[in-house]
Amino acid sequence: MSYPLLFLFALTPSLIWLSFYLRKDRHPEPNRMVIKIFLFGTLITIPAIFVENSLEGFLSSFFDPKTFIFLALYYVFAVALVEELLKYIVVRMGALSDSALDEPLDVMLYMVISALGFAALENILLIFKLIADHSLPDIFFVNILRFGEAILLHALMSALWGYFIILSQKHENKRRLFFWSGLAIAVILHGLFDVYITTLGSLGIFQLLLPLFPLAILGLIISYLFQQVRSQKGLCTTS
15 MSYPLLFLFA
25 LTPSLIWLSF
35 YLRKDRHPEP
45 NRMVIKIFLF
55 GTLITIPAIF
65 VENSLEGFLS
75 SFFDPKTFIF
85 LALYYVFAVA
95 LVEELLKYIV
105 VRMGALSDSA
115 LDEPLDVMLY
125 MVISALGFAA
135 LENILLIFKL
145 IADHSLPDIF
155 FVNILRFGEA
165 ILLHALMSAL
175 WGYFIILSQK
185 HENKRRLFFW
195 SGLAIAVILH
205 GLFDVYITTL
215 GSLGIFQLLL
225 PLFPLAILGL
235 IISYLFQQVR
245 SQKGLCTTS
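Its first residue numbered 15, the sequence shown is counted upward by one per residue in our numbering.
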């Protein structure tokens, strides 16, 4: 497979989910904003890698990398927390103050767009890494699996936090509570997924596919939240 085709192959899962979630907006966002936030989401992946690698080295000086406590701390704080914060920063700096964000639903939508941009470059880097010593069928399987798990997870976690950000804007007296609770829930769920895949996911195909079921349920919940938010009106303010 040529490199351009491999690039497109690795990019496709994020584009499919992007198309899916953009359809949830009855008032389509400007193409310039969708492209901008998606591209910024991809670019923020680069500093995320450096931060995660630095924190991995820091944690390994205190804990054995083979222990569960290391994996838990690494994937929750060095990976999940860093990634969720950086994906939010993209939206905070690139969308929340833009006039295109004119209804509550847009908060969730731009969070998803940023997440899918992040997941896109993450997936591209992984697929190009695998091509060196894995067969095309193996790479195809990994890409399909990540479509239904890791890439979807990024979108769902950002959408979930986006929903809590909307709640924080609606309830001034509980603004911080909703904002930080949303981040905490997204980080914990994200971290648990990564820990599971790293440990039990390597035991067999059943364990590897098992996360598809809770992710499907969470996907339905997020779709329901999109419907609920879509009925709300009013301008959004930054958090």
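We put the CB at the ideal spot given by N, CA and C, even for glycine. Treat the numbers as computed from the prediction; the structure is a model and nothing was measured.
Residue i versus residue j: straight-line alpha-carbon distance, rounded
| i | j | result |
| --- | --- | --- |
| L174 | L95 | 14 Å |
| L249 | F154 | Its pLDDT being 49, under 50, L249 is placed unreliably by the model, and the measurement read from it follows with that caveat. Distance between the alpha carbons of L249 and F154 is about 43 Å. |
| D208 | L181 | 27 Å |
| L20 | H185 | 46 Å |
| L113 | Y102 | Residue identity check: residue 113 is Ser in the sequence provided, not Leu. In a straight line, the C-alpha of S113 is about 18 Å away from that of Y102. |
| I235 | M171 | 12 Å |
| E136 | L22 | 13 Å |
| E163 | S216 | 15 Å |
| Q242 | G205 | 27 Å |
| N157 | T26 | 9 Å |
| G7 | S75 | A query on residue 7 cannot be resolved here, the shown segment of the chain reaching from 15 to 253 and no further. |
| S33 | K80 | 39 Å |
| I211 | N187 | 38 Å |
| Y17 | T56 | 19 Å |
| F228 | M122 | Inspection of the sequence shows that residue 228 is occupied by Pro rather than by Phe. Answer to the nearest angstrom: the Cα atoms are 20 Å apart. |
| K143 | S68 | 20 Å |
Chain-order list of residues whose beta-carbon lies under 7 Å from that of residue i (same chain, five-residue window excluded)
| i | result |
| --- | --- |
| L150 | M15 |
| T213 | L85 |
| T59 | F132, L135 and E136 |
| K50 | G108 |
| L73 | F84, L87, Y88 and A92 |
| I145 | L20 and I153 |
Own chain partners of residue i with C-beta closer than 6 Å, once the 5 adjacent residues on each side are dropped
| i | result |
| --- | --- |
| V105 | Y124, M125 and S128 |
| K38 | F240 |
| M47 | A114 |
| E97 | A62 |
| E117 | none |
Residues of its chain near residue i, where Cβ-Cβ distance is below 8 Å and the 5 sequence neighbours each way are ignored
| i | result |
| --- | --- |
| I30 | F161 |
| T252 | Because T252 sits at a pLDDT of 47, beneath the cut-off of 50, its placement in the model cannot be relied upon, and the following sentence gives the value as read from the coordinates. Excluding positions up to five away in sequence, the list reads R106, L110 and S111. |
| L159 | L222 and L223 |
| F77 | I83, F84 and L87 |
| I202 | V90 and A94 |
Spatially closest choice to residue i from the options, by CA coordinates
| i | options | result |
| --- | --- | --- |
| Y238 | L119, F72 and G55 | L119 |
| G71 | T56, V93 and T59 | V93 |
| A134 | P18, F52 and P79 | F52 |
| F54 | Y35, S245 and G108 | G108 |
| S245 | E97, Y89 and R40 | R40 |
Any C-beta of chain B under 8 Å from that of residue i
| i | result |
| --- | --- |
| N187 | Of the chains in the structure shown, none is chain B; there is only one protein chain. |
Whole-angstrom C-beta distance between residue j and residue i, which should lie under 8 Å
| i | j | result |
| --- | --- | --- |
| I141 | A24 | 4 Å |
| I165 | S28 | 6 Å |
| H168 | L130 | 7 Å |
| P42 | L36 | 7 Å |
Stretch pair the segment 192 to 199 + the segment 62 to 69: three plus CB contacts closer than 8 Å: no
task: State whether the segment 186 to 193 contacts the segment 136 to 155, with contact taken as three or more CB pairs (one from each stretch) at a distance under 8 Å.
output: no
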